[in-house]
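Data block below; observations after.
Residue numbers (my numbering): 26 to 355.
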């Protein structure tokens, strides 16, 4: 059996919800924005951003017949990165708002900004609305500057998808796949933003499939921390439904498919050579290491298992792929 540990204590303050609210209209201050940035873990953008940048570069490379036209691509890339940051911010804020009551009863999450009273619900809602509007505006700029209106047409549906994740743990243990699909939208969306014709490129879809399986797998591992709380509160997750060992088997299967799909990206993208192949091998080794870490230490080393290893996975793939398309391109 894998060892699962918990830390902290149950919330004993019945007035927690009122501590996270105010009755007057609030505009988030600089200090509130700092609290938000810390609470939603801006650094975790590292999971999806390299894949978005890589897919954008793949689309630009294909559109340029084997080379990237940086005079055109640079501006698009800046918009892609900004849109990614604000989309993730909106999604994370939606999750924090929807889960505020749940977080208050979970020892692991009771210290988050809203249940702890460091951020009012109203301020979080305002920040969510602003982030969503900025995302839509950035999407519209692709049409204004580049004549590509697909990003703004798809902006609201994409926003709806990625912000709905917080609801699905209430209905189905497949919520982890919803999160994986949300992050898998990043390479697809960034490719469309650069060149809508990229939707016909198999490597883009294979890369998105890899992200879906990879993220879903590590989210299952992350959910091991809350298995007892999820069962107590009637929330759905793969660990709560299948048990710890069953969840780990499912996570291993998802990561196996993630590795296979990454090798498929290498095989189908003609521009990728030995560097990307080496990156795919490194990723496969890292995923094995991730599961070995969980089996050895349970959830006590989640900072290593969740952030460090998976952060390295995304960076390795992103750097290798972009290098193949730029400095190593013939």
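Quick reminder that beta carbons are idealized off the backbone N, C-alpha and C, glycines included.
- At the C-beta level, residue 266 and residue 242 stay beyond 8 Å of one another.
- Distances from the alpha-carbon of residue 70 to those of 346, 336, 342 put 336 closest.
- The straight-line gap separating the alpha-carbon atoms of residue 318 and residue 246 is approximately 11 Å.
- The segment 299-308 makes contact with the segment 283-290, as at least three CB pairs between them are under 8 Å.
- In the displayed model, residue 109 falls within a helix according to three-state DSSP.
- Shown here for residue 166: same chain residues with a beta carbon closer than 8 Å to its own, the five before and five after excluded, namely 104 in chain order.
- Annotated three-state conformation of residue 63 is helix, per DSSP.
- Around the beta carbon of residue 310, fewer than 16 other beta carbons sit within 10 angstroms, so the residue counts as exposed.
- For residue 80, the enclosing alpha helix (DSSP H) stretches over residues 74-88.
- Of the candidates 260, 55, 79, the residue whose Cα lies closest to the Cα of residue 215 is 79.
- The DSSP-derived three-state label of residue 294 is coil.
- The alpha-carbon of residue 60 is positioned some 9 Å away from that of residue 137.
- Selection 140, 183, 83, 99 evaluated against residue 113 yields 183 as nearest (Cα-Cα).
- For residue 198, no alpha helix (DSSP H) run applies, since DSSP gives it neither H nor E.
- When the alpha-carbon of residue 213 is set against those of 227, 202, 203, 204, the nearest one is in 227.
- An exposed status is given to residue 56, since fewer than 16 other beta-carbon atoms sit within 10 Å of its beta-carbon.
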